[in-house]
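Mapping of the sequence shown onto numbering that gives the first Met the number 0: position 1 corresponds to residue 0, and the numbering continues sequentially without gaps. All C-beta atoms, glycine included, are put in the ideal place defined by N, C-alpha and C. Just so we're clear, the structure is a prediction, and the values are computed from it rather than from any experiment. First the structure, in the form of structure tokens, and then the observations on it.
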Amino acid sequence: MRKIELDLKLKLFKYQVLSLIEFEEKLVLINEELSGNIHTSKILGYEEAKVQRGTRIFKNNILECLEDEKYYIEKRNASLFAVREIMSYLQDLDDVEIDLLERIYWFEQNYDRIAEAYSYDKSTICRKKEAILQKLQRVSHRRHI
0 MRKIELDLKL KLFKYQVLSL IEFEEKLVLI NEELSGNIHT SKILGYEEAK
50 VQRGTRIFKN NILECLEDEK YYIEKRNASL FAVREIMSYL QDLDDVEIDL
100 LERIYWFEQN YDRIAEAYSY DKSTICRKKE AILQKLQRVS HRRHI
């Protein structure tokens, strides 16, 4: 895997983790609704639905819930795959390298702020990041051989 691809995957990692949490929460709600733990009001007819301006306020259709469940399972699985892939690469890094990547990609701190926290200059932080990406690239290459 090229460094630019690794950089992009690390940038998307936070989004993937947050999406995974969101999809899991939606699946829990759907499961509760399907098991009967949530009782929704039924729309009595077309006129009532029209008053609600076409928004899906209440679901009373099991088929719709099952379709939603299938959709969120697929989304969850895709996010889970992406998260596991990055986590497998991160396992080969030490704590300092992980901390640097967290500051850059998760907390989205700028290089000046990170350099101040580490008592380095900005160029050193950039070099360290590049070295970590190269290390991850080697890890990726080893796993795909």
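Spatially closest choice to tyrosine 14 from Phe106, Lys128, Leu65, by CA coordinates: Checked all of Phe106, Lys128, Leu65; the closest Cα to tyrosine 14 is Phe106.
Exposed or buried, what is phenylalanine 12 when buried is set at 16 or more other beta-carbons lying within 10 Å of its beta-carbon? Buried: at least 16 other Cβ atoms inside 10 Å.
Are there 16 or more other CB atoms within 10 angstroms of the CB of arginine 142, so buried, or fewer, so exposed? Counting every other CB atom within 10 Å of its CB across the protein chains shown gives arginine 142 a total below 16, marking it as exposed.
With H, G and I counted as helix, E and B as strand and the rest as coil, what does DSSP make of lysine 58? The pLDDT assigned to lysine 58 is 47, lower than 50, so where the model puts this residue is not dependable; a value taken from the coordinates is nonetheless given after this. Under the three-state reduction of DSSP, lysine 58 is assigned to coil, being neither helix nor strand.
Taking 7 Å as the cut-off, decide whether the C-beta atoms of tyrosine 88 and lysine 10 are in contact. With respect to lysine 10, tyrosine 88 sits apart: the two C-beta atoms are not nearer than 7 Å.
Three Cβ pairs or more, each shorter than 8 Å: is that satisfied between the segment 14-25 and the segment 71-80? The segment 14-25 is in contact with the segment 71-80.
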